[in-house]
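Read in our numbering, the sequence shown has 62 at position 44, and its numbers run on one by one without any break.
All remarks here apply to the structure that follows.
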Amino acid sequence: MTQTKARRSKDEMYPVIEAWQDSGLTGQAFCDQNGIAKSVFYYWLTRYKSDKEPGGFVPIHIKRDHKVASDTFIEIQYPTGVILRISGQSSATTIRQYLQL
């Protein structure tokens with residue numbers, strides 16, 4: 019007799035991931051206690067994290083006639099920890115060039 023694997027849905031597995039987060043257990047211990055294959059658990063954990071992370075790009079709208087004090091700056095911190103600091107006096111073209119690096 020062959021055994022078929024049941025497909026699991028997001029509606030079923032996301033609450034399981036959230037229960038694990040609340041449990042304080044390691045992923046392996048949680049899987050062992052709940053009879054979940056580690057490969058299935060980590061697959062759904064990866065999907066859960068990617069769904070919960072914010073989108074990557076946030077548009078910046080710059081008014082062309084807006085005057086900025088000379089001591090201001092724009093600061094962007096990337097997820098890697100890199101900080102990009104640009105003078106507030108920079109033109110939109112210059113800022114665009116920095117963002118495309």
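Just so you know, even glycine gets a beta-carbon here, dropped at the ideal spot from N, CA and C.
Since this is a predicted model, take the numbers as computed values, not measurements.
Checklist line | Cβ pair count under 8 Å reaching 3, the region 60-67 against the region 26-35 | finding: Verdict: yes, contact present.
Next item on the list: Please determine, among Y116, F48, K70, the residue with the shortest C-alpha to C-alpha distance to Y96.
Entry: Counting from 1 along the sequence shown, the entry for residue 96 is found at position 78. Checking every option, the nearest Cα to that of Y96 belongs to Y116.
Check: Should T90 and Q118 be called a contact, given that it needs their Cβ atoms to be closer than 9 Å?
Finding: By one-based count along the sequence shown, residue 90 stands at place 72. By one-based count along the sequence shown, residue 118 stands at place 100. It is not a contact, given that the beta carbons lie outside the stated cut-off.
Item checked: Per-residue DSSP class, three states only, for R114 -> Indexing the sequence shown from 1 puts residue 114 at position 96. In the displayed model, R114 falls within a helix according to three-state DSSP.
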